[in-house]
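Visitor: Below are the structure tokens for one structure; questions will follow.
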Amino acid sequence: MQLNALLDQNVVVLTASRRLAHAVRAGYARHAQAQGRAIWRTPRVLPWSSWLRQQQLETRATSPEAAQRVLPRAQARVLWDEIVATSRAGHDLLSPSSAARLAARSWRRLHDYLI
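The sequence shown begins at 0 in numbering that gives the first Met the number 0 and counts up one residue at a time.
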């Protein structure tokens with residue numbers, strides 16, 4: 000089944016990035032215009048990170064005891080800074096702050112892509 004046909008059925012489509020989500024919505028708009036539609040429902044296309052955050056918020060709202068705490072990026076960054084600073088390798092780094100930022104990004108990608 001074509002992606003546009005799924006979007007016509009109001010299926011939620013998840014993408015890897017905001018930019019890709021925007022491109023999918025723009026492609027759907029071109030598809031709708033080509034079919035002669037003057038108006039159409041905005042398709043439900045979300046980047047993975049936004050969808051995951053939405054699910055966490057809904058879970059917290061409906062079942063607070065079941066929801067895990069998600070650290071804001073700033074708090075997570077402080078923890079990564081501390082991890083790098085206290086590691087043996089951290090003392091030899093020219094830029095521990097950059098290493099912490101890259102470690103945090105790598106960790107997010109590992110979990111985003113279920114590696």
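Beta carbons are placed, not taken as given, at the ideal position from N, Cα and C, and that holds for glycine.
Counting C-beta neighbours from all protein chains within 10 Å, is the total for Leu6 16 or more, i.e. buried, or is it exposed?
Guide: Result: buried.
Visitor: Going by the beta-carbon positions, is the gap between Val11 and Val44 smaller than 9 Å?
Guide: Yes. Within cutoff.
Visitor: Run the CB neighbour count on Ala98, radius 10 Å, all protein chains shown included, and call it buried at 16 or more, exposed below.
Guide: Counting Cβ neighbours within 10 Å, Ala98 comes out buried, since at least 16 surround it.
Visitor: Can you name the start and end residues of the beta strand (DSSP E) that Thr85 belongs to?
Guide: From DSSP, Thr85 is part of no beta strand (DSSP E) but of the alpha helix (DSSP H) over 72–85.
Visitor: Pull up the CB-CB distance for Pro46 and Ala20, whole angstroms please, since I reckon it's below 8 Å.
Guide: Correct: roughly 5 Å between the Cβ atoms.
Visitor: So, are the CB atoms of Arg17 and Thr41 less than 9 Å apart?
Guide: In this structure, Thr41 does not lie closer than 9 Å to Arg17 by Cβ.
Visitor: Who are the near neighbours of Ala84 in its chain, counting only those whose CB is closer than 6 Å to its CB and skipping five residues on each side?
Guide: Within the same chain, Ala84 has close Cβ partners Pro95.
Visitor: Taking the CB atoms as reference points, tell me whether Gly26 and Asn3 lie closer together than 9 Å.
Guide: Yes; because the gap between Cβ atoms is below 9 Å, this pair is in contact.
Visitor: Return the residue from the list Trp39, Ser86, Ala60, Trp50 that minimises the CA-CA distance to Thr14.
Guide: Ranking Trp39, Ser86, Ala60, Trp50 by Cα distance to Thr14 puts Trp50 first.
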